[in-house]
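Engineer:
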């Protein structure tokens, strides 16, 4: 009996080791994060810095036609107070198609004094990188050829898009038209609940940014607008979402809902707004948790119970939008999708496996979505896997995938003693994932310079075992006459519709995202099983041998 027990324990330990190896292998789907930002104040003594960089944060990214990665972010130099205290910078870094990195460049110096530089960068079909950025308090535009953009002198002189603004989003459509969006404070807004809160504005350019159409107020609300995200689909329709209610820059208002609009004619007219809120059942539960108060939502302190924020957007190959957002009053994430281009929407459904970060820790974060060549939706978020959100540990950067029928278990890209924020996801040719984000070394600012958090830019990549889907070829766009128009102001609530999956999805296997590691995993499992079977055979032979000796 002792011999049998010992042999059984050996087999058990071997099988556990094989399982652990497989688990570790799957977590290695994303490459180890690489820091892009240069050394800065707080990482090393000031005398060891070649340049007195003070921070690196708020990144954005686009991909070149050859698969290169182009990253911009807000950096700054610490200088004498007589020179403004800081020089605000747009920093730039490029990952070549072969995986090598070029040195970091100081691309632009849009201002002094620590005015936050928010930037949005896209590749146009004209072969240029187009950049919309905040310079001081104004919004400006610049561009450069994608293959020489690493040289600051190749960027043209910035053109003014707006005298003031804060959040920015830029898109280039299939005809070469640029679509610029930005939030801006409105002094005429006298809403006492959101005094002088901003609106979301829009302009377009048909001549590579040389001239811009008249400014259109896209939101037309007396609440605040934050975090716009824009996508252009294969039908050349423009889809945009934003958060409405609070205006972080004005310091007014409360989060209310996410908003979606679409233009089918290149930005000339826009569909009526669709609003995203928490499900009614969730609102009822939250009301019960607040002590079964018999008050209306508007009478309760703080944001409405149904309030959401961090609305993120992607659009599939058929032009159908898909959004993810989080609850303000709870830590859950929800998604809604449209199967008719954005006209009607499915009801909001909670995401499994993950929890949002503490909203009191950070109210500025984004989510990021993208589609692969098989139609799977990939989400990057900063939060926790279910069951790990307790305690003081920092949140993780998480990747989770929706395969058309279900959400797959999440993967952790980064989790350590840093606080990740503002992830951006881009997919090259439908099967190469690229992610950037920044981290804080601590959540909150200190009173002294040496107590400031260290802000760093990070990058990771992953490859899907899916066929490539080449993008549209570059071309020289033909300028079109600008045609500004006013925006419609009516509000339409989402119309719940049942999810009717296409025939190809209903008849397809449940999992449509075979990863490279899975095929490698099969080989490992085969080898491990062969090894295990051999051990079991040896054990069986040994047991028979021992029994024969006893007889």
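Residue numbers (my numbering): 1353 to 1903. Beta carbons: idealized from backbone N, C-alpha and C, even for Gly.
With residue 1583 as the anchor, note down where its beta strand (DSSP E) starts and where it stops.
Structural biologist: 1576 to 1584 is the extent of the beta strand (DSSP E) around residue 1583.
Engineer: Would you grab the beta carbon distance between residue 1569 and residue 1547 for me? Rounded to a whole angstrom, and I think it's under 8 Å.
Structural biologist: About 18 Å separates the two Cβ atoms, so there is no contact after all.
Engineer: Nearest CA to the CA of residue 1445: which residue from 1394, 1572 and 1422?
Structural biologist: When only C-alpha atoms are compared, the closest one is 1422.
Engineer: What number of angstroms, rounded off, separates the C-alpha of residue 1670 from the C-alpha of residue 1714?
Structural biologist: Using only the alpha carbons, I get a separation of about 35 Å.
Engineer: At a cut-off of 6 Å, is residue 1428 close to the ligand COA when judged by its beta-carbon and the heavy atoms of the ligand?
Structural biologist: This structure does not include the ligand COA; it has no bound ligands of any sort.
Engineer: Going by DSSP, what residue range makes up the beta strand (DSSP E) through residue 1613?
Structural biologist: Unbroken beta strand (DSSP E) run through residue 1613: 1609 to 1615.
Engineer: Would you grab the beta carbon distance between residue 1298 and residue 1735 for me? Rounded to a whole angstrom, and I think it's under 8 Å.
Structural biologist: Past the boundaries of the shown model lies residue 1298; the chain is included only from 1353 to 1903, so the question cannot be answered.
Engineer: Going by alpha carbons, who is nearest to residue 1563 out of 1577, 1529 and 1543?
Structural biologist: The option with the nearest alpha carbon to residue 1563 is 1529.
Engineer: In the structure shown, what three-state DSSP assignment does residue 1639 receive?
Structural biologist: Three-state result, residue 1639: helix.
Engineer: Is it right to say residue 1666 is buried, meaning 16 or more other beta carbons lie within 10 angstroms of its own, or is it exposed?
Structural biologist: Counting Cβ neighbours within 10 Å, residue 1666 comes out buried, since at least 16 surround it.
Engineer: Less than 7 Å between the C-beta atoms of residue 1583 and residue 1591, yes or no?
Structural biologist: Yes.
Engineer: In angstroms with no decimal places, state the Cα-to-Cα distance between residue 1480 and residue 1403.
Structural biologist: Approximately 29 Å between the Cα atoms of the pair.
Engineer: State whether the segment 1458 to 1474 contacts the segment 1387 to 1394, with contact taken as three or more CB pairs (one from each stretch) at a distance under 8 Å.
Structural biologist: The segment 1458 to 1474 vs the segment 1387 to 1394: no contact.
Engineer: Measuring only the C-alpha atoms, how far is residue 1815 from residue 1768?
Structural biologist: Computed Cα separation, rounded: 23 Å.
Engineer: So residue 1581 and residue 1654 are in contact, right, with Cβ under 8 Å, and what is the actual spacing, rounded?
Structural biologist: In fact, because the Cβ distance is near 25 Å, the residues do not count as touching under 8 Å.
Engineer: Skipping 5 residues on each side, what residues in its chain have a beta carbon closer than 8 Å to that of residue 1502?
Structural biologist: Around residue 1502: 1444, 1446, 1454 and 1457.
Engineer: Comparing alpha-carbon positions, which option in 1770, 1772 and 1789 lies nearest residue 1778?
Structural biologist: Of 1770, 1772 and 1789, the residue nearest in Cα terms is 1789.
Engineer: Closest by CA to residue 1636, which one among 1625, 1429, 1657 and 1452?
Structural biologist: Out of 1625, 1429, 1657 and 1452, 1657 has the C-alpha closest to the C-alpha of residue 1636.
Engineer: Below 6 Å CB to CB, which residues in the same chain sit around residue 1748 once its five sequence neighbours on both sides are set aside?
Structural biologist: These residues qualify, in order along the chain: 1764 and 1767.
Engineer: Under the DSSP definition of a beta bridge, which residues are partnered with residue 1691?
Structural biologist: Beta-bridge pairing links residue 1691 to no other residue.
Engineer: Give the straight-line distance between the Cα atoms of residue 1585 and residue 1524, rounded to the nearest whole angstrom.
Structural biologist: Using only the alpha carbons, I get a separation of about 11 Å.
Engineer: Considering Cα atoms alone, identify which of 1633, 1741 and 1760 is closest to residue 1700.
Structural biologist: Among 1633, 1741 and 1760, the Cα nearest to that of residue 1700 belongs to 1633.
Engineer: If you check the beta carbons only, do residue 1808 and residue 1408 fall under 7 Å apart?
Structural biologist: Yes.
Engineer: When you compare only the Cα positions, how much space is there between residue 1839 and residue 1537?
Structural biologist: Unreliable positioning characterises residue 1839 in this predicted model, as indicated by a pLDDT of 43, which lies under 50. The coordinate reading is nonetheless provided below. Their Cα atoms are separated by approximately 18 Å.
Engineer: What three-state label does DSSP hand residue 1399 in the structure shown?
Structural biologist: Helix at residue 1399.
Engineer: What number of angstroms, rounded off, separates the C-alpha of residue 1511 from the C-alpha of residue 1616?
Structural biologist: Taking the straight line from one Cα to the other gives about 27 Å.
Engineer: Whole-angstrom Cβ separation of residue 1609 and residue 1664, contact assumed at under 8 Å?
Structural biologist: Not quite, the Cβ-Cβ distance comes to about 14 Å (not below 8 Å), so this is no contact.
Engineer: Where does residue 1541 land, buried or exposed, given buried means 16+ other C-beta within 10 angstroms?
Structural biologist: Classification for residue 1541: buried.
Engineer: Measure the C-alpha to C-alpha separation of residue 1843 and residue 1595 and round it to an integer number of angstroms.
Structural biologist: Its pLDDT being 45, under 50, residue 1843 is placed unreliably in this model, and the value from its coordinates should be taken loosely. Going from the Cα of residue 1843 to the Cα of residue 1595 covers about 15 Å.
Engineer: For residue 1783, which residues of its own chain have a beta-carbon under 8 Å away from its beta-carbon, when the five flanking residues on both sides are left out?
Structural biologist: Hits under 8 Å: 1724, 1725, 1815, 1816, 1817, 1818, 1819, 1820 and 1821.
Engineer: So is residue 1823 buried or exposed if we call it buried at 16+ other beta carbons inside 10 Å?
Structural biologist: That one is exposed.
Engineer: Tell me, please, which residues DSSP counts as bridged to residue 1384.
Structural biologist: According to DSSP, which records beta bridges pairwise, residue 1384 is partnered with nothing at all.
Engineer: Going by C-alpha distance, which of 1611, 1625 and 1575 is nearest residue 1602?
Structural biologist: The residue with the shortest Cα to Cα distance from residue 1602 is 1575.
Engineer: Which value, in whole angstroms, describes the spacing of the CA atoms of residue 1418 and residue 1727?
Structural biologist: Rounded to the nearest angstrom, the two C-alpha atoms are 22 Å apart.
Engineer: Check whether the Cβ atoms of residue 1780 and residue 1415 sit closer than 7 Å, and answer yes or no.
Structural biologist: Yes.
Engineer: Answer with buried or exposed for residue 1551, where buried requires no fewer than 16 other C-beta atoms within 10 angstroms of its C-beta.
Structural biologist: Looking at its Cβ environment, which holds 16 or more other Cβ atoms inside 10 Å, residue 1551 is buried.
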